[in-house]
Each structure stands twice: as structure tokens, then as C-alpha cells.
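Every number in this note's numbering is 3 more than the matching position in the sequence shown, counting from 1. Virtual Cβ for every residue (Gly too), placed ideally from N, Cα, C. These figures come from a predicted structure and were not determined experimentally. A short write-up of the structure that comes next.
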Amino acid sequence: MSPVGRTLSAVVPVYNDAEVLPELLARLEPALEALASEFEVLLVDDGSADASWDVIQELSGTRPWLRGIHLMRNYGQHNALLCGIRLARHEIVVTLDDDLQHPPEEIGKLIEKLDEGFDVVYGTPQAQQHGLWRNLASRVTKLVLQGALGAETARKVSAFRVFRTQVREAFDNYQSQFVSIDVLLTWASTRFAAVPVRHDPRTIGASNYNFRKLSRHALNMLTGFSTLPLQLASLIGFALTLFGVGVFVYVIVRRITQGAAVAGFAFLASVIAIFSGAQLFALGIMGEYLSRMHFRMMERPPYVIRMTTSEEPSNS
Numbered sequence: 004m005s006p007v008g009r010t011l012s013a014v015v016p017v018y019n020d021a022e023v024l025p026e027l028l029a030r031l032e033p034a035l036e037a038l039a040s041e042f043e044v045l046l047v048d049d050g051s052a053d054a055s056w057d058v059i060q061e062l063s064g065t066r067p068w069l070r071g072i073h074l075m076r077n078y079g080q081h082n083a084l085l086c087g088i089r090l091a092r093h094e095i096v097v098t099l100d101d102d103l104q105h106p107p108e109e110i111g112k113l114i115e116k117l118d119e120g121f122d123v124v125y126g127t128p129q130a131q132q133h134g135l136w137r138n139l140a141s142r143v144t145k146l147v148l149q150g151a152l153g154a155e156t157a158r159k160v161s162a163f164r165v166f167r168t169q170v171r172e173a174f175d176n177y178q179s180q181f182v183s184i185d186v187l188l189t190w191a192s193t194r195f196a197a198v199p200v201r202h203d204p205r206t207i208g209a210s211n212y213n214f215r216k217l218s219r220h221a222l223n224m225l226t227g228f229s230t231l232p233l234q235l236a237s238l239i240g241f242a243l244t245l246f247g248v249g250v251f252v253y254v255i256v257r258r259i260t261q262g263a264a265v266a267g268f269a270f271l272a273s274v275i276a277i278f279s280g281a282q283l284f285a286l287g288i289m290g291e292y293l294s295r296m297h298f299r300m301m302e303r304p305p306y307v308i309r310m311t312t313s314e315e316p317s318n319s
């Protein structure tokens with residue numbers, strides 16, 4: 004795995020992790036030096052409330068390979084990643100979290116797999132270091148992603164990934180505020196792979212992701228990039244139609260054979276409740292899609308850059 008001729012861009016979204024950044028860069032530098040003849044690190048400050056941007060500015064003053072991007076507000080991890088990916092200058096992009104749970108020393112495993120001819124390679128944790136609810140939310144998100152992508156590799160996705168920079172051409176004009184990097188990558192290629200990597204426990208601070216945020220991301224991803232919920236609503240509607248026909252046939256047969264109608268208000272109320280609930284469920288799904296169409300028509304940008312530590316700012 005020779006670094007000669009290879010160039011790398013490492014994109015790291017940063018949110019309220021000022022204390023971790025010096026150690027992150029201290030470990031990233033030797034890892035990238037061993038893998039590439041030229042490299043850069045892009046730290047995208049996603050509207051942090053702590054001193055993250057001040058630390059980024061200070062660190063970039065002594066590291067010519069470091070570029071800092073400061074967003075106007077908190078847009079979300081995937082939006083910050085999209086910003087960094089679009090500003091990456093080199094042939095291969097590496098993305099990883101800022102909390103050192105993705106060891107920079109493991110990047111070589113992903114690059115080695117990428118050299119086998121793949122376009123996107125994920126680093127799948129050998130053992131998750133999160134709590135019960137965070138792990139459960141991550142599993143739910145990956146199951147949703149599998150439905151959206153239709154690929155077994157979706158179960159192995161993580162924020163620790165490498166891919167060829169040319170794949171970003173497929174989503175170069177994407178402008179929606181609802182962003183899923185993993186889905187956007189599938190617009191360019193189907194040559195995905197995953198390799199097991201070490202996953203370290205977080206030693207400083209607490210995770211900014213929780214069950215609610217991951218669940219919301221899963222919902223945005225499912226309704227923003229897949230028609231699966233609409234298909235589910237259609238199947239439920241069809242099944243309940245068959246159920247209604249069955250109930251009607253049962254009432255007619257009972258009337259003919261026994262000369263009596265089906266007694267009981269509870270039975271009628273239960274049937275009405277089932278059908279009403281199904282209708283509201285279908286309307287809710289259609290409402291989710293309509294709301295996303297509404298926001299996309301507003302053409303709200305996925306991010307806006309406040310300032311950078313380099314001379315090449317861009318807001319789209």
C-alpha cells in the first residue's frame with residue numbers, strides 16, 4: 004500500500020468538541036502522512052457553542068495542511084459533511100467523527116480495501132462503545148437505510164468512510180436541507196464495501212447524538228430518499244380493504260343463514276376505528292412527503308459558511 008501519488012482529504016464535522024481537537028490532529032497527521040504523498044484536513048465547525056472555532060483557528064495557524072470552515076449555525080452532521088466534501092481538493096475523501104472513536108490509525112484498512120476497486124468503503128465497528136439507547140437508535144437507522152438503499156452493505160455503514168472524490172459529482176447540485184451522505188453516495192456508484200475496524204470509547208465529553216436525533220434522521224432519510232412509506236401505506240390500505248370486504252361478507256352470510264344481524268356496538272366501533280386509523284396513518288405519510296416538497300421548493304441551502312481559515316469560501 005504505497006502512498007506515492009495518492010492524495011487524501013480528511014473531512015471532520017466538529018460540534019462542541021474543542022478539547023478533543025488537538026489530540027485528533029496529533030494522531031491524524033502521522034496516519035495521513037503514511038498513506039498519502041499529499042493530504043489535507045478540513046474541520047467543519049457546525050455552529051459549536053463552545054470554543055471549537057477558536058481552537059480550529061489557532062491550530063490552523065501552525066499547520067498548512069489544516070483548513071477550518073465555520074458554518075453560520077448548527078445544520079447537522081451530514082450537512083456539515085456535505086460542506087467539507089464539496090471543498091475537498093484531493094482524489095480520496097476520508098470522513099470521521101471528531102471524538103476519536105474512529106481511530107485515525109485504522110484509515111489504512113479502508114484505503115487498502117478501496118484499492119481493490121471499490122468506490123466507497125465503510126469502517127464497521129467491531130464492537131459499539133455507545134449506550135443501550137444509542138446502539139438501538141443506530142440499528143434502527145441502519146435498517147431504515149437498508150430499506151432506502153436496497154443493499155446489504157447498508158447495515159454496515161458508519162460515519163467512518165472513505166470514497167473517491169469523483170463520486171461527489173453525482174450530487175454536486177443537491178440543495179435540499181435534508182441530507183444523507185450515505186444515500187447521496189449511492190447516486191454515483193454501487194461498488195460499496197465494508198471492513199471491520201477498532202472503535203474506541205469516548206474519553207472526553209459526551210455524544211451529541213441521542214435516540215431522538217437519530218430517529219429524526221432516520222425519518223428524514225426514509226421520507227426524503229425513499230418511497231417505502233408510501234408503498235407501506237398502500238399495502239395497509241389494500242389489506243384493510245380486504246378486511247372490510249371480509250366483514251361485509253360475514254354480515255351478509257350471517258343474515259342469510261341465521262336471519263339476524265351482527266349485534267354489538269363494540270364490533271362496529273372497532274371496525275370504524277381501524278379504518279379511521281389507517282386513513283390518518285396514510286394521510287400522515289403523505290403529509291411528510293408534502294412538507295419535504297414544500298421545503299425543497301423554498302430552496303433553503305443545506306449550509307451557509309460564515310468564514311474559513313483559507314481563501315476559498317463557498318456557500319453551496
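Pull the bridge partners of V320 from the DSSP assignment, please. In the structure as shown, the chain begins at 4 and stops at 319. Residue 320 is therefore absent and cannot be evaluated.
Per DSSP, what kind of secondary structure is T168 in: helix, strand or coil? helix
In three-state DSSP terms, what is G120? coil
Check this for me: beta carbons of I95 and R167, under 8 Å apart or not? yes
Please state whether DSSP places L74 in a helix, a strand or coil. strand
Residues that DSSP places opposite A196 in a beta bridge: V124
Proximity below 8 Å, CB of N363 to CB of Y18: This structure leaves residue 363 out entirely; the chain is present only between 4 and 319.
Comparing C-alpha positions only, which one of E61, D100 and E26 sits nearest to A320? Only positions 4 to 319 of the chain appear in the structure, and residue 320 is not among them; the question remains open.
Starting from M310, follow its DSSP beta bridges and name the residues at the other end. H73
Between A34 and E115, which are expected to be in contact by the criterion C-beta below 8 Å, what is the C-beta distance as a whole number of angstroms? About 13 Å; that fails the 8 Å criterion.
Buried or exposed: which applies to F181, given that a residue is buried once 16 or more other Cβ atoms fall within 10 Å of its Cβ? buried
Of all the options P25, E41 and A37, which has the alpha carbon lying nearest to the alpha carbon of T10? E41
According to DSSP, is A254 helix, strand or coil? At residue 254 the sequence reads Val, which differs from the Ala that was named. Residue state, collapsed to three classes: helix.
Going by other Cβ atoms of all chains shown within 10 Å of its Cβ, with 16 needed for buried, is D175 buried or exposed? exposed
Let me know if A162 comes out buried or exposed under the rule of 16 or more other beta-carbons within 10 Å of its beta-carbon. buried
On the criterion of 16 or more Cβ atoms from any shown chain inside 10 Å, does Y253 qualify as buried, or is it exposed? exposed
According to DSSP, simplified to helix, strand and coil, what is V96? strand
Give the secondary structure of Y18 by DSSP, where H, G and I count as helix, E and B as strand, and everything else as coil. coil
Among D20, C86 and D57, whose alpha-carbon lies nearest the alpha-carbon of A184? This sequence places Ile at residue 184; Ala is not what is there. Nearest of D20, C86 and D57 to I184, Cα basis: C86.
Let me know the secondary structure DSSP gives R89 once reduced to three states. helix
If contacts are defined as beta-carbon pairs under 8 Å, then R70 and T312 qualify, I think. What distance do you get, rounded to the angstrom? 6 Å
From the DSSP output, in three-state form, read off I81 for me. According to the sequence as given, residue 81 is His; it is not Ile. Of the three classes helix, strand and coil, the one that applies to H81 here is helix, per DSSP.
Can you list, in chain order, the residues of its chain with a C-beta nearer than 8 Å to that of D49? Leave out the 5 residues immediately preceding and following it. P16, V17, Y18, L74, N77, Y78, G79, Q80, N82 and A83
Would you mind sorting F195 into buried or exposed? The rule is 16 or more other CB atoms within 10 Å of its CB. buried
CB contact flag (Q129, R201, <8 Å): yes
D203 (DSSP reduced to helix, strand or coil): coil
Please say whether V124 and V170 have beta carbons closer to each other than 8 Å? no
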